[in-house]
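Residues 1 to 417 in this note's numbering are what the sequence shown spells out, letter by letter.
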Amino acid sequence: MECWHIRGGRRLNGACFVQGSKNASLPILAASLVCPAETELENVPRLRDVDAALRILRHLGCKAEQRGTRVYIDSRVLDGSEIPHELMEEMRSSVIFMGALIARCGQARLSLPGGCQLGKRPIDQHLAALRQMGARIEEDRGEICCRPSALRGEEIRLPFPSVGATENIMLAACTAGGRTVIRGAAKEPEIAALQDYLRAMGAEVAGAGTDTVVVDGFHPQSRVGFRIRPDRIVAATLACAAAAAGGDVELRGIDPGQFSTVLDFLNRAGCDIITSDRSVRLRSDGRLKAVGEVVTAPYPGFPTDAQPVLMAALLRARGRTAITETIFENRFRQVPELCRLGADVTVSGRTAEIWGVERLKGAALTATDLRGGAAMIVAGLSAEGETLLFDEGHITRGYERFDARLRALGADVVLEY
Ligand code: EPZ
């Protein structure tokens, strides 16, 4: 059990670069095995989830190692298509390896990803699309087994713009015979990042960022170099931390357009925000105004992953904020913990209502999940006294050296392993 020691009351000042994107890195790590190639990635964040993905690649016979933020993968030596339960269990988004393995090997065996703290997390859309493309998939005692199949290009219509389903179909379509068209595709920036990587691998992919992605063919390259773009959710988290604690922070290397909905609410809350094409500067006096209604939605709507950290930033904001979570059925688990700090948050169905309080006081908390844990750090920064946050490793799944990054901005945060 890790313990974050957070002493509030300190303003955040200074500039920092934002780590590489976890949610862009994971599908690209899976994509590296779609064809036999050497891949060199830059700006890959040092995270537990990345470690888990590299372990899966090594289990499948690939060479896969990370040195600092550089990752080298050699998938020419892939010699397996089965991922054991214990590796799948480490990270539920490992389901992204299914599309890549079927593209490369024509078959795959992996365990059904369980639900998680956020809800059931079904993969029915993934399976329906792959079956439509000809994958002979059976579900048997918690396992997904795709028997040898020759995939064909299809026109897939997604009922919901699932990020993972869009990614899995893109990967499977790389080696399918003929054109695949994904209608109702997710538009998150991570889809465009995956498209850029697949193009570097020799795939003909277009449309990422719109609701229609087309995969037309594949002329595999044997060496691929690629740089992971910054993490928009980590950027949003840092912006919320500065807004809550007060101060003057500049985030460098990040495209503000990728988290503009978050910045719009922080501006409405009273922060001064200056943006350029690759940076965001945020100034706050730490006394924010409530922002009324916030509703999470698929990109380009307000990102569900930023919902907990925006909530944390608004706990002392004067007035009422109501946040409605439309993506996951159980993404308010951070609320009872935030209330231990003295916050006034009540949940009714899919909506959390926040009434700003004058003061928050440090307390002992337990991290419930990745973004909920980050929200508790944000709240602790604006609380009086010390907050002890007990964490079984949720936060380090997605935030690289977050304690050091916050200390560099003037926060009093220490992570005790
Ligand atoms: C990705 O998860 C992200 N994870 C999540 O970030 C993010 O919250 C989510 O997209 C939404 O933006 C990674 O990229 C590794 P979805 P994913 O498929 O792909 C339902 C974080 O904090 N659904 O778009 O699993 C599903 O239950 C994580 O970094 C089906 O019903 O998200 C959920 O309610 C958390 N059937 C909704 O769609 C399916 O077949 C969104 O899921 C697939 C999804």
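Cβ coordinates follow ideal geometry from the N, Cα and C atoms, glycine included.
Given the structure is predicted, the values throughout are model-derived calculations rather than measurements.
Item, Value
"Please list the terminal residues of the continuous beta strand (DSSP E) segment that includes alanine 352.", "351 to 355"
"Could one say the Cβ of phenylalanine 226 lies closer than 9 Å to chain C's Cβ atoms, at least one of them?", "Of the protein chains in the structure, only one exists, and it is not chain C."
"Using only the alpha-carbon positions, how far apart do valine 18 and glutamate 190 sit?", "16 Å"
"Could you tell me whether the region 84 to 92 touches the region 105 to 121, using the rule of 3 or more Cβ pairs below 8 Å?", "yes"
"Pick out whichever of Tyr197, Pro298 and Ala383 has its Cα sitting closest to the Cα of serine 162.", "Pro298"
"For alanine 346, which residues does DSSP report across the bridge?", "Sequence check: residue 346 is threonine here, not alanine. Answer is Glu353."
"Roughly how many whole angstroms lie between the Cα atoms of cysteine 174 and cysteine 146?", "17 Å"
"Can you round the beta-carbon distance between histidine 394 and glycine 380 to whole angstroms, since I take them to be within the 8 Å contact cut?", "With a Cβ gap of about 15 Å, histidine 394 and glycine 380 do not count as contacting."
"Measuring only the C-alpha atoms, how far is alanine 103 from serine 260?", "35 Å"
"At which residue ranges does the region 46 to 84 contain complete alpha helix (DSSP H) runs of 4 or more residues, listed in the order of the chain?", "48 to 59"
"By DSSP, does glycine 373 sit in helix, in strand, or in coil?", "helix"
"Would you say the beta carbon of threonine 237 is closer than 8 Å to some non-hydrogen atom of the ligand EPZ?", "no"
"What residue from Ala313, Thr166, Gly209 and Met201 has the CA that sits closest to phenylalanine 218's CA?", "Met201"
"Expressed to the nearest angstrom, what Euclidean distance is found between the alpha-carbon atoms of arginine 152 and alanine 193?", "24 Å"
"Rounded to the nearest angstrom, what separates arginine 141 and glycine 257 at their Cα positions?", "44 Å"
"Please give the ranges of any alpha helix (DSSP H) in the region 110 to 136, keeping only runs that are unbroken, at least 4 residues long and fully inside the region.", "124 to 132"
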